[in-house]
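Undergrad: In my numbering, the protein residues as written are 5 to 261.
C-beta atoms are modelled at their ideal positions from N, C-alpha and C, and glycine is treated no differently.
All figures in this text were calculated on a predicted structure; none of them were measured in a lab.
My structure is below; once you've seen it, I'll send some questions.
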């Protein structure tokens, strides 16, 4: 008899990616609002958003079923914490964008490797147990932080600027989408590639919106931009159907039930 157990994350649809890109853009403008506009600094900003992330992950793991607003709030917290932590490491600690990107990529790969070794899969369809959720949110947090460093490196160190970097990451995402539709490449690999790439895309778009004109941005108000994007995220979560995936229970679990 086939047993199915609901996942606690949303199914990966076009709507999922729309909300994810908006959330990552909000993470950039929101993080910069606290650290730069409010002048609290990267360390204090990281402490604030990392505390919020820990609380929301705890609530996400504690709940028994999928809650759209809780899930996306946790995603936003991870991307905002990723913004401030990457900026703190890259700028305050002097690691640099390239160094930070390399370190964080190693962290992402290490978590995914440990996840695969202990669970036999890194598919998001299996995110329903506390242990798997810890791996899931650890991977997400590292990938969000990586995306910030990678976006800044591409925009600043290569001279492409924020708009040029956004086009690069948008093109890379289009390539992943093409691989999804027209090749037999691993869907799990393509998911994580797309998930990571949406973060630097959101980071560069966010910077393009709020950075000064002489730095290649539009100089929009960070608080206002953040508020507008937040409203768009809420509207999308309410209007776009939020359904969960499912996965077969293990044989041992099926026998217990």
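Based on the DSSP secondary-structure assignment, which residues constitute the bridge partners of residue 14?
TA: Residue 14 is bridged to 248.
Undergrad: Where does residue 164 sit, in a helix, a strand or coil, going by DSSP?
TA: The answer is coil: DSSP assigns residue 164 none of H, G, I, E or B.
Undergrad: Taking 8 Å as the cut-off, does the stretch 181 to 194 touch the stretch 143 to 151 (at least 3 CB pairs, one atom from each stretch)?
TA: Flag = no, the stretch 143 to 151 and the stretch 181 to 194 do not touch.
Undergrad: What residue does the alpha helix (DSSP H) around residue 123 start on, and which one ends it?
TA: Segment 101 to 123, the alpha helix (DSSP H) holding residue 123.
Undergrad: In or out: residue 50 buried (at least 16 other Cβ within 10 Å) or exposed?
TA: Under this definition residue 50 is a buried residue.
Undergrad: Could you give the DSSP three-state label for residue 23: helix, strand or coil?
TA: Residue 23 falls in the helix class under three-state DSSP.
Undergrad: How many Å lie between residue 164 and residue 68 at the Cα?
TA: Cα to Cα, residue 164 sits roughly 45 Å from residue 68.
Undergrad: Where do the N-terminal and C-terminal ends of the alpha helix (DSSP H) with residue 211 fall, by residue?
TA: Taken as a continuous stretch (DSSP letters only), the alpha helix (DSSP H) holding residue 211 covers 191 to 214.
Undergrad: Less than 6 Å between C-beta atoms, sequence neighbours within five positions excluded: which residues of the same chain meet that for residue 140?
TA: Taken in chain order, the residues that qualify are 131.
Undergrad: For residue 155 and residue 207, which I take to be in contact (beta-carbon distance under 8 Å), what is that distance rounded to the nearest angstrom?
TA: With a Cβ gap of about 3 Å, residue 155 and residue 207 count as contacting.
Undergrad: Which residues in the same chain as residue 255 place their Cβ atom closer than 6 Å to its Cβ, once the five residues preceding and following it in sequence are excluded?
TA: Only weak support exists for where residue 255 lies, its pLDDT of 34 falling under 50; the value from the coordinates is given anyway. Closer than 6 Å at Cβ, skipping near neighbours: no residue.
Undergrad: Taking the alpha carbon of residue 178 as the point to measure from, which residue in 43, 57, 205 has its own alpha carbon closest?
TA: Closest by alpha carbon: 205.
Undergrad: Within this structure, are the beta carbons of residue 214 and residue 203 separated by less than 8 Å?
TA: It is not a contact, given that the beta carbons lie outside the stated cut-off.
Undergrad: I need the straight-line Cα distance from residue 180 to residue 24, nearest angstrom please.
TA: Going from the Cα of residue 180 to the Cα of residue 24 covers about 16 Å.
Undergrad: Under 8 Å, do residue 14 and residue 247 count as touching if we go by C-beta distance?
TA: In this structure, residue 247 lies closer than 8 Å to residue 14 by Cβ.
Undergrad: Rounding to the nearest angstrom, what Cα-Cα distance links residue 82 and residue 39 in this structure?
TA: Rounded to the nearest angstrom, the two C-alpha atoms are 16 Å apart.
Undergrad: Helix, strand or coil for residue 188, going by three-state DSSP, please let me know.
TA: The answer is coil: DSSP assigns residue 188 none of H, G, I, E or B.
Undergrad: With respect to the alpha helix (DSSP H) encompassing residue 220, which residues constitute its N-terminal and C-terminal limits?
TA: Residue 220 -> no alpha helix (DSSP H), and no H or E assigned at all.
Undergrad: Roughly how many angstroms separate the alpha carbons of residue 230 and residue 33, rounded to a whole number?
TA: Their Cα atoms are separated by approximately 6 Å.
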